[in-house]
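Read the structure below first, then the notes.
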Amino acid sequence: MPILSPTLSAARTLNLATRKRPALYVTHILFVGLGGCIGAACRFLLSSAVQRLMPLAVVPWGTLVVNVVGCALIGVLAALAESRAILSDPLRLFVFTGVLGGFTTFSSFALETLRLTRGGDVLHGLVHIGLHLILCLAAVAAGDALTRYILR
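Each position in the sequence shown, counted from 1, maps to that position plus 4 in my numbering.
Following this line, the structure appears as structure tokens:
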């Protein structure tokens with residue numbers, strides 16, 4: 005009998021474990037996909053509304069607002085889920101990976117920053133980066149802190 009490497013053994017074990025519960029795995033994918041669809045639609049609506057309010061803005065405010073709101077929501081929901089254990093694993097996948105993953109958009113932030121800097125507008129590109137980092141981290145912290153304060 006050939007000697008199997010630990011990696012190959014683990015892969016075979018994982019493959020067997022996955023085959024035992026294919027319906028659960030498909031259900032998880034469906035939860036994430038449905039959540040992502042909802043999150044992406046909400047992102048489009050909010051970002052479009054913000055861009056209509058500020059059509060001549062140099063910094064893409066729609067993406068910034070979406071990402072800050074998404075960060076605040078994940079702070080609130082993570083604190084709720086941690087302190088109350090109210091979200092089952094499938095619901096966590098739906099909300100965190102699906103809805104909030106589809107709602108927030110790091111790729112749009114990166115592309116918009118690249119376009120700003122490539123066009124020679126390095127200052128606005130740096131402002132865009134700084135605003136995202138500071139406001140998004142502050143939003144997660146504020147959402148988490150506010151939720152924990154309310155739940156005390």
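Backbone N, C-alpha and C define an ideal beta-carbon position, used for all residues, glycine too.
Does DSSP classify residue i as helix, strand or coil?
i, result
"G106", "helix"
"S111", "helix"
"G37", "helix"
"G123", "coil"
"A61", "coil"
Starting from the C-beta of residue i, find all residues in its chain whose C-beta is less than 7 Å away, skip the five residues before and the five after it, and write them out in chain order.
i, result
"V72", "L139, C140 and A143"
"L70", "Sequence check: residue 70 is Val here, not Leu. These residues qualify, in order along the chain: R47, L50, S51, F107, T108 and T109."
"I90", "L84"
"G40", "G102, G105 and G106"
Where do the ends of the alpha helix (DSSP H) carrying residue i lie?
i, result
"S92", "Taken as a continuous stretch (DSSP letters only), S92 belongs to no alpha helix (DSSP H), as it is neither H nor E."
"L135", "V126 to L155"
If I measure Cβ to Cβ from residue i and keep anything under 6 Å in the same chain, skipping five residues before and after, which residues do I get?
i, result
"W3", "Coverage of the chain is limited to positions 5 through 156, which leaves residue 3 absent and any answer about it impossible."
"D148", "G79 and A83"
"I42", "V103"
"S87", "L155"
"A45", "none"
Excluding the 5 residues preceding and the 5 following residue i in the sequence, name in chain order all residues of the same chain whose CB lies nearer than 8 Å to its CB.
i, result
"I33", "none"
"V160", "Outside the displayed range of the chain (5 to 156) lies residue 160, so it cannot be described from this structure."
Can you find at least 3 beta carbon pairs, one from the segment 94-111 and one from the segment 68-85, that sit closer than 8 Å?
yes
Is it true that the segment 114-122 meets the segment 87-102, where meeting means three or more beta-carbon pairs spaced less than 8 Å apart?
no
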